[in-house]
Amino acid sequence: MYGYSVHPRSTNRNPPFSRRTRPGDRNVKVVMRDNAFVPASVTVKSGEKVRFEFTNKGDVKHEAILGTTEEEDAHEKDMRTGKYSEHMGGHSDSADNVTVKPGKTKAITHTFSAGEELLIGCHESDHYTDGMKLDVTVG
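According to my numbering, the sequence shown is numbered sequentially starting from 130.
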């Protein structure tokens, strides 16, 4: 039923999933380093609900912002022109973005649709321009 076996006399009928992940969901663990995401690309299926779990193993804070290339580029431009001076403390976490301090873990969840072309970027100072991007392919 869930890809695991239960001894017929066992009273434990709970599937071995964490409380954070339900059957049918996909959990992708992503390591944040100074200045890269590992892995740097992920392929997902249309209709798939994916929980990206970001663990910051770097020495500085990082963020993960899910958006189109156009949205990411516009945000980066706004960051460079000083439009977001309040950003120095990081974004407020939301459905599509998190700011992760060194040694901490946070997650975002998204259900992907056919035709979406998204990536995850970090827009801390020079991180995005240095290539801190995670390409998401909907296949």
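Ideal placement from N, C-alpha and C gives every residue a C-beta, glycine not left out.
Quick caveat, the model's predicted, so the values are computed rather than measured.
For K206, does the three-state DSSP call read helix, strand or coil?
-> helix
Reference G267, options M161, V189, T258, L248, closest by Cα = In the sequence under discussion, the amino acid at residue 267 is Val, which differs from the Gly named in the question. Among M161, V189, T258, L248, the Cα nearest to that of V267 is on L248.
Span of the beta strand (DSSP E) holding M161?
-> 155 to 162
Note down the Cα distance separating G187 from S175, rounded to an integer number of angstroms.
-> 32 Å
Short check: CB of E182 to CB of T240, under 8 Å?
-> no
Excluding sequence positions up to five away, which residues of its chain have a Cβ less than 7 Å from the Cβ of H252?
-> E192, I194, H204, E205, M208
When the Cα atoms are used, what is the spatial distance from E245 to R180?
-> 17 Å
Quick one: Cα of E201 to Cα of L263, how far?
-> 12 Å
So, N164 versus D222, is the Cβ gap smaller than 8 Å?
-> no
Counting only runs that start and end within the segment 170 to 200, where is the beta strand (DSSP E) found for 3 or more residues in a row?
-> 170 to 173, 178 to 185, 191 to 196
Shortest alpha-carbon distance to V173 belongs to which of R162, V167, F166, R155?
-> R155
Cross-strand partners of H239 (DSSP beta bridge) = V179
Quick one: what does DSSP say A165 is sitting in, helix, strand or coil?
-> strand
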